[in-house]
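There are 2 protein chains.
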Amino acid sequence: MPGEFKIIERLRKAAGRPSGSLLLGIGDDCAAFRPAPGFETLATSDMLIEGVHFRVSQGLGAVGYKSMAANISDILACGGEPLYALAAVGLPAKGAMRTALSLYSGMRKCADKFGVKIIGGDTVRSDKLVISITAIGEAAVGKTVTRSGAKPGDYILVTGDLGNGAAALKQNKAWLPPLRPQLSSKLCGRSLVSSMIDISDGLSSELYHLCEESGTGALIYEELVPVSKAALNLAGGIRRRALSAAFLGGEDYELLFTVPAECLGTALKLGRKYSKLSVLGRMLPVRQGVKIFCSGKAKVIPRGGYDAFY
Amino acid sequence: MPGEFKIIERLRKAAGRPSGSLLLGIGDDCAAFRPAPGFETLATSDMLIEGVHFRVSQGLGAVGYKSMAANISDILACGGEPLYALAAVGLPAKGAMRTALSLYSGMRKCADKFGVKIIGGDTVRSDKLVISITAIGEAAVGKTVTRSGAKPGDYILVTGDLGNGAAALKQNKAWLPPLRPQLSSKLCGRSLVSSMIDISDGLSSELYHLCEESGTGALIYEELVPVSKAALNLAGGIRRRALSAAFLGGEDYELLFTVPAECLGTALKLGRKYSKLSVLGRMLPVRQGVKIFCSGKAKVIPRGGYDAFY
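Taken in order, these protein sequences are the chains called A and B.
Heads up: the first sequence begins at 1 in our numbering, then just goes up one per residue.
Heads up: the second sequence begins at 1 in our numbering, then just goes up one per residue.
Next up, the structure:
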């Protein structure tokens with residue numbers, strides 16, 4: 001069986017030599033890079049466990065891709081440009097080299113697509129496959145977008161369609177999210193966004209996060225929620241049923257964000273250029289709660305979402 | 001059972017509000033910080049798996065401490081100042097909150113001791129306990145030390161005593177390494193070090209890494225290897241036997257480094273001030289191999305070390 005060092009050596013060769021602002025890549029005690037002057041550094045970690053977040057039968061390449069995408073998505077959700085990733089993996093001893101290479105090829109495919117370099121990580125033995133990626137990115141000083149900047153009156157928008165993640169899971173596939181780097185970059189670069197989050201745990205849960213962090217309530221309109229074709233098909237064409245995939249299913253990795261009323265026109269114009277964009281509703285004062293308007297009434301949205309401990 | 005968000009909320013409160021160059025801490029999609037102008041950023045990840053790298057019976061606080069120390073050690077081994085950490089943990093559902101809090105209290109204890117802030121991470125469900133930490137640090141531009149800068153003739157030095165990690169493991173304890181932040185900072189700040197690595201896998205393996213990356217050979221002297229009291233005691237006082245803990249045992253987290261001959265005096269003077277320092281031998285041209293002088297002869301050092309896949 002190949003040792004840890006042999007696996008790292010293979011990955012190091014595949015990664016190539018450091019260049020540009022990267023000073024030191026895979027194979028030393030640390031990776032080193034030169035941060036751009038006038039930029040803030042963003043960092044995020046996600047851990048995925050076999051049997052909890054994915055199954056090997058979804059295909060190791062797809063699992064690797066999704067793991068990388070989940071981390072890149074967090075950088076985009078803060079308005080950052082994703083640049084680097086460290087990938088730590090726990091591999092079952094049997095077939096460790098093959099597993100590592102399949103997994104990394106998926107990670108690389110995603111990383112390459114979004115301009116991210118894998119600069120380090122770790123390779124250890126584990127009974128179950130474990131993936132823990134840290135993504136590092138940059139945003140111009142003052143342009144980092146948080147979950148906490150929304151104000152009552154701001155419009156609530158979402159990219160793409162929701163329910164793809166849940167639909168893929170039902171079919172035992174890994175959803176390879178499109179991600180929205182251009183739109184995020186344009187929106188945040190022009191300071192149009194007051195708060196943003198990526199949808200990893202379902203619309204309900206993420207909307208609650210934005211409201212709690214911003215100290216607001218919200219009202220969204222059921223008919224405005226963009227439900228994916230895949231979720232609709234799986235729900236036998238019944239939209240109401242497909243909505244639960246959008247609200248409670250996870251892993252869509254679309255962006256949920258708010259824009260002040262005066263920025264809505266520009267945001268929608270950017271949406272027409274870079275990505276489907278839907279207005280869902282507006283932020284409200286906190287006392288009005290987090291509600292959805294359907295069948296002629298505003299109802300409290302069940303908190304729900306996909307919380308990995310339930 | 002508490003959900004992921006409740007655990008994160010507790011950790012977030014314990015971490016306090018961001019301040020100084022930290023702009024955004026636990027609780028958003030990313031952490032954000034302002035890198036110091038004129039500095040390079042260093043990043044490293046280590047994954048530790050229950051049953052492979054630690055046992056819960058070693059005490060969760062100690063396991064948390066060691067996990068954090070292993071990452072901080074990598075930053076020090078590159079001559080950096082450790083600043084931030086992201087801690088991703090996979091927790092068995094039963095007693096998840098208690099496990100998380102014990103683990104994080106150990107991580108925090110170590111992080112606080114070395115001036116590191118825990119700024120983010122992830123908390124997920126897992127059958128076995130999994131810990132994946134990413135440490136981020138800084139080094140002044142051009143001061144990052146790699147494994148690859150040693151030249152034939154450079155002296156080989158090591159901090160502290162070796163074999164503590166292996167001895168602790170035999171007694172089913174987690175070794176809480178002292179680490180050498182001041183010494184590393186002074187040595188590297190004054191550009192005295194030509195190559196450096198931390199001893200996580202045993203002296204043999206780490207010496208081979210330095211030689212391979214630098215394209216050199218090495219000759220060290222058995223009688224100069226500083227063996228820890230704990231290893232000596234466990235070996236019944238027989239030094240030859242205790243040496244195997246130093247050479248092949250892991251997790252000492254002392255620094256192994258090389259200095260050009262003209263810097264040796266200054267390095268040893270810093271050692272007297274900040275940490276025990278032993279000269280082990282010298283780097284040689286690559287054709288002379290990696291050898292140890294004992295019983296009147298130079299012998300090839302067995303590669304060995306603790307490779308997690310064997």
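We put the beta carbon where it would ideally sit given N, CA and C, even for glycine.
Remember, predicted model here, so these are calculated numbers, not experimental data.
May I ask you to report which of helix, strand or coil DSSP gives V193(A)? One-based indexing of the first sequence puts residue 193(A) at position 193. If DSSP states are grouped into helix, strand and coil, V193(A) belongs with coil.
Touching or not, the region 155-172 of chain A and the region 114-129 of chain A, by the rule of three or more beta carbon pairs under 8 Å? no
Once the 5 residues before and after S184(B) are set aside, which same chain residues still bring their CB inside 7 Å of it? Along the second sequence, one-based indexing puts residue 184(B) at 184. Excluding positions up to five away in sequence, the list reads L76, G79, L255.
Any contact between the region 285-301 of chain A and the region 215-228 of chain A? By contact I mean 3 or more CB pairs, one from each, below 8 Å. When C-beta atoms of the region 285-301 of chain A are compared with those of the region 215-228 of chain A, three or more pairs fall below 8 Å, so the two segments count as touching.
Endpoints, the alpha helix (DSSP H) within which G137(B) is located: In the second sequence, residue 137(B) corresponds to position 137, counting from 1. It is not in any alpha helix (DSSP H) - G137(B) instead sits in the beta strand (DSSP E) that spans 130-140.
With a cut-off of 8 Å on the beta carbons, I'd call G271(A) and L224(A) a contact; round off their distance for me. As a first step, residue 271(A) must be located in the first sequence, where it is residue number 271. As a first step, residue 224(A) must be located in the first sequence, where it is residue number 224. That belief does not hold up - the Cβ atoms of G271(A) and L224(A) are roughly 14 Å apart, past 8 Å.
In terms of residue numbering, what span does the beta strand (DSSP E) encompassing R125(A) cover? Start at 1 with the first residue of the first sequence, and residue 125(A) comes out as number 125. Residues 117-125.
Within its chain, find whatever has a CB closer than 6 Å to the CB of G304(B); leave out the 5 residues flanking it on each side and keep chain order. Here the question's residue 304(B) lines up with position 304 in the second sequence. If we look at G304(B) and ignore the five residues flanking it on each side, its Cβ neighbours are S204, L248.
Mapping the DSSP letters down to three states, classify E40(A) as helix, strand or coil. Mapped onto the first sequence, residue 40(A) falls at position 40. Three-state result, E40(A): strand.
Same chain only: Cβ atoms within 6 Å of C188(A), ignoring 5 sequence neighbours per side: To locate residue 188(A), count along the first sequence from 1; it is residue 188. Around C188(A): G79, K143, V145.
What does the alpha-carbon distance come out to for the pair A139(A) and G25(B)? Counting from 1 along the first sequence, the entry for residue 139(A) is found at position 139. Counting from 1 along the second sequence, the entry for residue 25(B) is found at position 25. Using only the alpha carbons, I get a separation of about 16 Å.
Can you find the residues in the same chain that come closer than 6 Å, C-beta to C-beta, to C294(B), ignoring five residues on each side of it along the sequence? Within the second sequence, residue 294(B) is the residue found at index 294, counting from 1. The answer, listed in chain order, is E222.
Would DSSP call D208(B) helix, strand or coil? Locating residue 208(B) in the second sequence gives position 208, counting from the first residue. One point to set straight first is that residue 208(B) is Tyr, not Asp, in the sequence displayed. In this structure, Y208(B) counts as helix in the three-state DSSP scheme.
Taking A14(A) as the reference, which of A69(A), G106(A), G137(A), R34(A) has the closest Cα? As a first step, residue 14(A) must be located in the first sequence, where it is residue number 14. Looking only at A69(A), G106(A), G137(A), R34(A), the smallest Cα-Cα distance to A14(A) is reached by G106(A).
So that I know if they touch, is there some Cβ in chain B lying closer than 8 Å to that of L86(A)? Your numbering for residue 86(A) matches position 86 in the first sequence. It does; some Cβ of chain B falls within 8 Å.
Verify whether the separation of the beta carbon atoms of S67(A) and L48(A) is less than 8 Å. Against the first sequence, residue 67(A) aligns to sequence position 67. Against the first sequence, residue 48(A) aligns to sequence position 48. With respect to L48(A), S67(A) sits close: the two C-beta atoms are nearer than 8 Å.
Residues near S102(A) in its chain [Cβ-Cβ closer than 6 Å; skip 5 each side]: The residue you call residue 102(A) lines up with position 102 of the first sequence. Correct list, in chain order: L60, G61.
What residue from D252(A), E4(A), F257(A) has the CA that sits closest to R98(A)'s CA? Residue mapping note: residue 98(A) aligns to position 98 of the first sequence, counting from 1. Nearest of D252(A), E4(A), F257(A) to R98(A), Cα basis: E4(A).
Are the C-beta atoms of I49(B) and some chain A residue less than 8 Å apart? By one-based count along the second sequence, residue 49(B) stands at place 49. By this cut-off, I49(B) is an interface position.
Relative to the C-alpha of L83(A), which candidate in P35(A), P260(A), Y65(A) has its C-alpha closest? In the first sequence, the residue the question calls residue 83(A) occupies position 83. Nearest C-alpha to L83(A) among P35(A), P260(A), Y65(A): P35(A).
Could you check what DSSP says for R240(A) in three-state terms: helix, strand or coil? Along the first sequence, read from residue 1 onward, the residue named residue 240(A) stands at position 240. Three-state result, R240(A): helix.
How long is the line joining the alpha carbons of R241(B) and G165(B), rounded to whole angstroms? Against the second sequence, residue 241(B) aligns to sequence position 241. Against the second sequence, residue 165(B) aligns to sequence position 165. Approximately 15 Å, taken between the alpha carbons.
What's the gap between the Cα of S244(A) and the Cα of K173(B)? Within the first sequence, numbered from 1, the residue matching residue 244(A) stands at position 244. Within the second sequence, numbered from 1, the residue matching residue 173(B) stands at position 173. So the alpha carbons of these two residues sit roughly 48 Å apart.
Using DSSP bridges, identify the partner residues of F54(B). Against the second sequence, residue 54(B) aligns to sequence position 54. Paired residues: E50(B).
If you measure beta-carbon to beta-carbon, which residues of the region 23-48 of chain B are closer than 7 Å to chain A? L23, L24, D28, D29, C30, A31, A32, F33, R34, P35, P37, E40, T41, L42, A43, T44, S45, D46, M47
Could you name the residues of the region 265-292 of chain A whose beta carbon sits closer than 7 Å to any beta carbon of chain B, in the order they occur along the chain? none
According to DSSP, is C110(A) helix, strand or coil? Here residue 110(A) corresponds to residue number 110 of the first sequence, with the count starting at 1. It is helical.
Within chain B, partners of I75(A) - CB distance below 7 Å: Locating residue 75(A) in the first sequence gives position 75, counting from the first residue. Within chain B, the residues near I75(A) are C30.
Neighbour list for D198(B) in chain A, Cβ cutoff strictly below 7 Å: Within the second sequence, the letter at position 198 stands for residue 198(B). Within chain A, the residues near D198(B) are D29.
Going along chain B, which residues have a C-beta under 7 Å from I136(A)? As a working mapping, residue 136(A) is identified with position 136 in the first sequence. The answer, in chain order, is A43.
One or two residues paired with L179(B) in a DSSP bridge: Position 179 of the second sequence, counted from the start, is the residue given in the question as residue 179(B). Under DSSP, L179(B) takes part in no beta bridge, so it has no partner.
Please go through the region 212-287 of chain B and give each complete beta strand (DSSP E) segment of 3 or more residues, from N-terminal end onward. Fully enclosed beta strand (DSSP E) runs of 3 or longer: 216-221, 255-259, 277-285.
What is the DSSP secondary structure of Y310(B), counted as helix, strand or coil? Position 310 of the second sequence, counted from the first residue, corresponds to residue 310(B). Low confidence applies to Y310(B): its pLDDT is 38, below 50, so where it sits in the model is not reliable enough to give any reading.
Which listed residue (V63(A), G27(A), G296(A), L91(A)) has its alpha carbon closest to that of R108(A): Along the first sequence, read from residue 1 onward, the residue named residue 108(A) stands at position 108. With distances taken between Cα atoms, R108(A) lies closest to V63(A).
G90(B) - DSSP class collapsed to helix/strand/coil: As a position in the second sequence, residue 90(B) is number 90, starting the count at 1. Strand at G90(B).
Who are the neighbours of D122(A) on chain B, taking C-beta pairs under 7 Å? Sequence index remark: in the first sequence, residue 122(A) carries index 122 (1-based). Correct list: S45, D46, M47.
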